[in-house]
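Counting the sequence shown from 1 gives a position; this note's numbering is that position plus 4. Even for Gly, the Cβ is constructed at its ideal location relative to N, Cα and C.
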Amino acid sequence: MRGSTCPGPILEAKKVLNGMAPGELLKLVSNCPGSRADVEDWARVTGHRLEDVIESGHHEWEFYIRRP
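As structure tokens, this is what we get:
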């Protein structure tokens, strides 16, 4: 989701995760400045498990989200 502004990364993650089987892992890459806090909060509220967050560049993060 590089280049997508918030809440774009979360909306895309939700769409992809809905098509995944329970237990599968999604890698979401975003360079939206607010995505770090937004994705962490969204995962917690929706019950998805945020396995890892890696800062892969200047204001770019890789989120590893597991579907419950």
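Expected contact under 8 Å - CB spacing of residue i and residue j to nearest Å
| i | j | result |
| --- | --- | --- |
| residue 72 | residue 51 | 5 Å |
| residue 11 | residue 32 | At roughly 13 Å, the Cβ-Cβ gap does not stay under 8 Å, so residue 11 and residue 32 are not in contact. |
| residue 55 | residue 29 | 7 Å |
Residue span of the beta strand (DSSP E) that contains residue i, given as start and end
| i | result |
| --- | --- |
| residue 8 | Premise fails: residue 8 is in no beta strand (DSSP E) and is neither H nor E. |
| residue 61 | 53-61 |
Minimum C-alpha distance to residue i - residue among the options
| i | options | result |
| --- | --- | --- |
| residue 34 | 69, 64 and 70 | 64 |
| residue 53 | 37, 40, 42 and 68 | 68 |
| residue 70 | 61, 38, 62 and 46 | 46 |
| residue 9 | 22, 23, 43 and 49 | 43 |
Residue i - containing alpha helix (DSSP H), residue span
| i | result |
| --- | --- |
| residue 40 | 39-50 |
Nearest-angstrom Cα separation, counted from residue j out to residue i
| i | j | result |
| --- | --- | --- |
| residue 36 | residue 60 | 13 Å |
| residue 40 | residue 57 | 8 Å |
| residue 20 | residue 38 | 20 Å |
| residue 17 | residue 62 | 21 Å |
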